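The next block holds one structure in the form of structure tokens; read it before the comments.
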Amino acid sequence: MSDNKKTAGVDVPGGDKQEIQQKAEEAAVCDTEKPARKPVILSGMQPTGALHIGNLEGALKNWVRLQEEYEFYACIVDLHSLTAIYEDTKPLKSLIFQMATDFLAAGMDPERSAMFVQSEVKEHAELHLLFSMLITVPTLMRLPTYQEKKDKLDSYGFLGYPVLQAADICLYNADRVPVGKDQEKHIWLAKDMAQRFNALYGKTFKEPEALFTEIPLIKGSDNRKMSKSYDNHIPLEFTEKQTEKRLKQFYTDPKKVRKGDPGRPEQCPIFLLHRIYTANAEEEIAPPCKTGELGCVDCKMRLSKNLNVALAPVREKREELLAKPDYVWDVLAEGRDRARARAGRTMEKVRRKMKIDYRATKKKKKK
Ligand code: SF4
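Printed below as a string of structure tokens:
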């Protein structure tokens, strides 16, 4: 029989949750680090290549706002994507490049934010390994993400995916992690890991908090969530003509067959996009849709015009960046160095606390 204690549905190896919680509360925050000038935020995105308007509205615009107030670490999490695409890694380099290009095109500022590739900061892998000692296999097997995909992805790497996620966050001693309400669980494990580590080895990690953001609902051409994998998206790299063509293929209210038929805008993905890209959509689009005065073809053309106007500066910047790829790679290299510096400090502390810094150089005493 396992000697693990189970508390609040979580198995922790040989632990007493109440005791851990109490010690962790005493531990509070990181003790050796000087306070950051600004609170720290870590956010990650898997390298899926060129981004689409769902990514732009759902994450990037928020990142661009947050970089004003926070020390921002934007991580392209290639190690996470390897859990699914480990057999064919050739496209990764291009996918990373396109993603970084779109970060910059959308307004991410390399002066303010460190943009970097996860696998280039080896400390992610090291902390993942150390954290993996602090959680049991049954706990990981119970997590919904594992349950949902275990038939397709049953590797050791995929099982440990949430532990790597927790390591990503704790490595930067992030104060906040921007998430949608439905992603709260991602933070839960990072918090749990930080508490457990602090209780065992002494205060080391901050306990990250979720920063909830209102994410507008963006649906794709088939009325499902907009996603590259469904091929129902509008990539930022689309030309104006391609955007118009894609919008013409969009699902609309099936009860509105022709102009004159009354429509239900609240059930139409085109209207969801009008809400973002058309001023006064509630007055300008919804009423004539409902009366039948506005036909779907005209409605889509109006959206196409407004969407193309809104995307024009992003597309222009994108073209400029594509013409100087070295600059994009340099931004990632500079971000990597900043990330390494912060992650390196954390790991020095972690090794010291765990007493595995066997050959650490002692500072010479001043005479
Ligand atoms: S008129 Fe516009 S909002 Fe109404 S159903 Fe057609 S496309 Fe959708």
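Yeah, the sequence shown ends on 366 if you go by numbering that gives the first Met the number 0, and it's all consecutive. From the three backbone atoms N, C-alpha and C, an ideal C-beta is built for every residue, glycine too. In this text the structure is predicted, and so the values were computed from the model without any measurement.
Residue i: CB within 7 Å of a non-hydrogen atom of the ligand SF4
i: L78; result: no
i: I134; result: no
i: G259; result: no
i: K304; result: no
i: D252; result: yes
i: K348; result: no
i: C74; result: no
i: I275; result: no
i: G368; result: The chain is shown from 0 up to 366; residue 368 falls before or after that span and cannot be answered.
i: I284; result: yes
i: I233; result: no
i: L370; result: A query on residue 370 cannot be resolved here, the shown segment of the chain reaching from 0 to 366 and no further.
i: K224; result: no
i: P161; result: no
i: P264; result: yes
i: K247; result: no
i: L244; result: Reading the sequence as shown, one finds Lys at residue 244 and not Leu. Not under cutoff, so the answer is no.
Separation of residue j from residue i, as counted between CA atoms
i: H127; j: S112; result: 24 Å
i: M346; j: I269; result: 48 Å
i: E125; j: M353; result: 13 Å
i: S226; j: G57; result: 12 Å
i: K240; j: R314; result: 13 Å
i: L210; j: L302; result: 31 Å
i: N222; j: P234; result: 16 Å
i: R344; j: N279; result: 50 Å
i: Y85; j: T203; result: 33 Å
i: D297; j: A104; result: 30 Å
i: N305; j: K299; result: 10 Å
i: M192; j: A359; result: 25 Å
i: K254; j: K60; result: 34 Å
i: S42; j: F249; result: 31 Å
i: K348; j: Q266; result: 53 Å
i: P430; j: K316; result: Any answer about residue 430 is impossible in this case: the structure gives the chain only from 0 up to 366.
i: V136; j: D87; result: 28 Å
i: K190; j: S131; result: 14 Å
i: E67; j: D174; result: 15 Å
i: E292; j: T242; result: 24 Å
i: D252; j: F237; result: 25 Å
Residues sharing a beta bridge with residue i, DSSP
i: M114; result: A73
i: M44; result: I75
i: E208; result: R175
i: K218; result: K224
i: H51; result: P234
i: V39; result: E70
Complete runs of the alpha helix (DSSP H) confined to the region 299–366 [at least 4 residues]: 324–352
Okay, do the region 99–114 and the region 139–148 touch, 3+ Cβ pairs below 8 Å being the bar? no
Taking only runs of the beta strand (DSSP E) that begin and end inside the region 240–293, which ones reach a length of at least 3 residues, in chain order? Taking only runs of at least 3 residues, no beta strand (DSSP E) segment lies wholly in the region 240–293.
Is there contact here, the region 318–327 with the region 277–296, by at least three beta-carbon pairs under 8 Å? no
Is the number of C-beta pairs between the region 142–156 and the region 164–183 that are closer than 8 Å three or more? no
Taking one C-beta from the region 79–96 and one from the region 43–51 each time, how about it: are there three or more such pairs within less than 8 Å? yes
Just to confirm the assignment: which complete alpha helix (DSSP H) runs, minimum length 4, are found wholly within the region 98–174? 122–130, 136–141, 143–148, 155–158 and 160–170
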